[in-house]
Amino acid sequence: MKPRVNLRLNAALLAQLEAAARAQKTTKTDILEQALRCYLDPDRNRSLEDRLMERMDAFEKRLGQLFWAVDLGVETTGHFVLYWLTRTDPIPESERDIAHALGERRFDHFINQIAKKLRRRRSLVQESLRWEQSNPEAAKPQ
Numbered sequence: 104m105k106p107r108v109n110l111r112l113n114a115a116l117l118a119q120l121e122a123a124a125r126a127q128k129t130t131k132t133d134i135l136e137q138a139l140r141c142y143l144d145p146d147r148n149r150s151l152e153d154r155l156m157e158r159m160d161a162f163e164k165r166l167g168q169l170f171w172a173v174d175l176g177v178e179t180t181g182h183f184v185l186y187w188l189t190r191t192d193p194i195p196e197s198e199r200d201i202a203h204a205l206g207e208r209r210f211d212h213f214i215n216q217i218a219k220k221l222r223r224r225r226s227l228v229q230e231s232l233r234w235e236q237s238n239p240e241a242a243k244p245q
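104 is the number of the first residue of the sequence shown in this note's numbering; add one for each residue after it.
In structure tokens form, the structure reads like this:
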């Protein structure tokens, strides 16, 4: 059972409360409880702009993480294609163990190169744009 509270309201305010309760088909208590919750809410004192900026900052952080993940995917794919096209040779059965060890070393080198590029913030996407801008003939539509 809820504790009982006695309030004194002026007649005009009480009439508004009763009209609102009838219009919303709810009780006066529900309206007063909701009004008190809003009044006592700690975020009430923060401006809408402050709350919006906080959410925008969180969004910007998540967007940065997404850009990083996309860059990682592009770097990984680009390096994989480069190594696959330039380093794959047919291997005789007798040399497969040696080739496997070499493949592991190449893979480690591959991962280290990706990490190095991401640390320098010089990605394949940026380099591709730079290459395109340095060659005006490549940028022209044909």
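Backbone N, C-alpha and C define an ideal beta-carbon position, used for all residues, glycine too.
To the nearest angstrom, report how far apart residue i and residue j are at their CA atoms.
i	j	result
phenylalanine 162	aspartate 133	35 Å
glutamine 245	proline 193	Confidence at glutamine 245 is low in this model, with a pLDDT of 43, below 50, so the placement of that residue should be treated as unreliable; the coordinate-derived value is given next. Approximately 38 Å, taken between the alpha carbons.
isoleucine 201	glycine 176	29 Å
aspartate 146	valine 108	26 Å
lysine 131	lysine 164	44 Å
leucine 143	threonine 129	21 Å
glutamine 168	proline 106	50 Å
tyrosine 186	isoleucine 217	12 Å
aspartate 153	aspartate 160	11 Å
glutamate 207	serine 197	18 Å
valine 184	asparagine 215	16 Å
So residue i and residue j are in contact, right, with Cβ under 8 Å, and what is the actual spacing, rounded?
i	j	result
lysine 220	glutamate 178	6 Å
Between the beta-carbon of residue i and the beta-carbon of residue j, is there less than 7 Å?
i	j	result
histidine 182	phenylalanine 210	no
Suppose only complete runs of 4+ residues qualify. What are the alpha helix (DSSP H) ranges in the stretch 108 to 163, listed by chain order?
Runs found: 114 to 127 and 131 to 143.
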